[in-house]
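These notes concern the structure reproduced below.
Numbering (the working numbering), first residue to last: 1 to 386.
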C-alpha cells in the first residue's frame with residue numbers, strides 16, 4: 001500500500017512526531033514567552049526575524065558536519081543542539097548575553113536540523129508513495145501533538161515557561177534513539193559551480209512564498225487569540241481543538257495525492273487558506289467563532305500540509321543534488337520569514353492593528369497555490385516529478 005513499507009521513512013515519521021512536541025515549545029509558546037518578558041509586539045516579530053536571519057550564513061556549517069559524521073550524524077547533532085537551545089532560552093531576561101547565545105545556537109542547530117532532515121526525507125522516500133508517507137507523518141504529528149498545547153499550557157500555568165523549556169532534554173534523548181535506527185544515506189560532495197544551479201528551484205520559490213504567508217498568518221492569529229482569551233489553559237485548549245480535527249483525514253488525502261489528484265488537494269488548500277485569512281481579519285471575535293476559525297484553519301492545513309511537502313520532497317529527490325536543493329530552499333524560507341514577519345513588525349510599529357497584519361499572508365498564499373497547482377499538472381494517473 002505504500003504507507004509503512006519504507007523502514008527509514010517510518011523512523012523519520014516517528015521522530016517527526018516527537019519533534020512536533022519540541023516545535024510547540026517555541027513555535028507556539030516561544031513568541032508569547034518573549035512578550036511576557038516585556039518585549040513589545042513589534043520587537044517580538046523582529047526577534048523572530050533575527051532568529052531566521054542568523055540561520056542563513058550559519059546553515060553552511062552543515063556541510064563540514066555532514067562530511068565529518070554523515071547525513072544521519074549531522075541530523076542527530078542538529079537535533080541535540082536545537083533541543084539544548086531551549087534551556088538557554090529559559091535564561092533570557094531581555095537583550096542580554098543569553099539572548100545572543102540563544103540566537104547563535106538556534107541559527108547553527110535549527111538550520112542544520114532542517115537542512116539535513118529535509119535532505120534525508122527526500123532521498124529516503126519513494127516518489128510514487130510520497131503522498132501516503134507524508135500523510136502518515138502528518139497524522140502521527142497531529143496525534144502526538146493533539147494534547148500538547150493544552151498540557152503545555154497547564155504545565156506553564158502551574159510551573160513556568162522556564163521549567164517547560166527544560167523538558168526538551170528528556171525529549172531529545174528519545175528523538176536521538178529513534179534516529180539511531182535509521183539507515184544512513186551517503187551524500188556525494190558537489191561543488192558550488194554545480195550546486196548553485198539549484199538556487200532558483202521550484203522548492204526555493206515555494207518556500208519563499210510559504211514563509212512570507214504562513215508566518216504572518218500564524219503568529220498574527222496566535223497573538224489575536226492570546227489577547228482575546230487571556231487565560232493560558234483556555235488558549236491551549238483552543239489550539240488542541242484545532243489539531244484534533246485533522247488526524248484521520250490526513251491519511252485519506254495522501255492516497256488521493258498518489259492517485260494523481262494533486263490539483264484537487266492544492267485547490268482546496270488555496271481556497272480554504274484564503275477564506276481562513278480573510279475571516280480571521282474581519283469576522284467579529286467570540287469564543288465560538290474562534291473555535292470555528294480554528295476548525296477552518298485545520299481543514300486548510302490538512303490539504304496544504306499534504307500537497308506542499310509532496311512537491312518539495314519529490315522535486316528535491318529528482319534534483320541534481322538534494323543537499324544543495326534544500327540549502328537554497330531553506331534559505332528561501334528564511335528570506336520569506338524576513339519579508340513576511342519583517343513587514344508585519346514594521347506595520348505594527350507604525351500602528352497598524354494586529355489583525356490587519358494577517359492580510360500580509362494573501363500574496364504568498366496565492367503564489368504557493370499557483371506553484372503547486374502547476375507542478376501537479378493535468379494528468380490524473382500519477383505525480384509529475386519534473
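For every residue, glycine included, the Cβ atom is placed at its ideal position computed from N, Cα and C. These figures come from a predicted structure and were not determined experimentally.
query: Spatial distance of residue 355 from residue 119 (CA atoms); result: 36 Å
query: Validate contact between the region 273-292 and the region 362-376 using beta carbons, cut 8 Å, 3 pairs; result: yes
query: Which listed residue (260, 328 and 29) has its alpha carbon closest to that of residue 306; result: 260
query: Three-state secondary structure (DSSP) of residue 263; result: helix
query: Within 7 Å, strictly: CB atoms of residue 324 and residue 198; result: yes
query: Contacts around residue 374, its chain only, beta-carbon distance under 7 Å, and the 5 residues preceding and following it disregarded; result: none
query: Through-space distance from residue 284 to residue 78, alpha-carbon basis; result: 43 Å
query: Residue 385 versus residue 31 - alpha carbon distance; result: Confidence in residue 385 is poor, its pLDDT being 37 and thus under 50, which makes the residue's placement unreliable; the coordinate value appears in the next sentence. Taking the straight line joining both Cα atoms gives about 37 Å.
query: Backbone CA spacing between residue 274 and residue 309 [nearest angstrom]; result: 19 Å
query: Reduced DSSP secondary structure (H/G/I, E/B, other) of residue 30; result: helix
query: Bounding residues of the alpha helix (DSSP H) (the contiguous stretch that carries residue 345); result: 322-349
query: Contact between the region 297-304 and the region 198-208 (3+ Cβ pairs under 8 Å); result: no
query: Simplified DSSP assignment, three categories, for residue 5; result: coil
query: 8 Å contact criterion, which residue 216 and residue 358 should meet: CB distance rounded; result: 6 Å
query: Cα-Cα separation, residue 133 to residue 95; result: 42 Å
query: Residue 8 beta carbon less than 7 Å from that of residue 183; result: yes
query: Reduced DSSP category for residue 313 - H, G, I as helix; E, B as strand; rest coil; result: helix
query: The region 216-227 touching the region 30-47, judged by at least three CB pairs closer than 8 Å; result: yes
query: Residue burial classification, residue 272 (beta-carbon count within 10 angstroms, cutoff 16); result: buried
query: Local Cβ density within 10 Å of residue 334, reported as buried at 16 or more and exposed below that; result: buried
query: 7 Å CB neighbourhood of residue 200 in its chain, flanking five on each side removed; result: none
query: CB contact flag (residue 106, residue 51, <7 Å); result: yes
query: For residue 112 and residue 61, believed in contact at Cβ under 8 Å, the rounded distance; result: 6 Å
query: Beta-carbon gap between residue 211 and residue 316 smaller than 7 Å; result: no
query: Residue burial classification, residue 74 (beta-carbon count within 10 angstroms, cutoff 16); result: buried
query: Straight-line Cα distance separating residue 230 from residue 126; result: 45 Å
query: C-alpha distance - residue 379 paired with residue 177, whole-angstrom precision; result: Residue placement at residue 379 is flagged as unreliable, the pLDDT there being 38, under the threshold of 50; the coordinate-derived value follows with that caveat. Looking at the two C-alpha atoms, the distance is approximately 41 Å.
query: Inter-residue Cα distance where the pair is residue 196 and residue 366; result: 27 Å
query: Distance between residue 108 and residue 57 (C-alpha atoms, nearest Å); result: 9 Å
query: Where residue 224 sits in the DSSP three-state scheme; result: helix
query: Residue 394 vs residue 338 beta-carbon contact at 7 Å; result: Because the chain in this structure spans residues 1 to 386, residue 394 falls outside the shown range and cannot be described.
query: DSSP-derived helix/strand/coil call for residue 121; result: helix
query: Short Cβ contact (7 Å threshold) for residue 468 with residue 90; result: An answer regarding residue 468 cannot be provided, because it is not within the stretch 1 to 386 covered by the chain.
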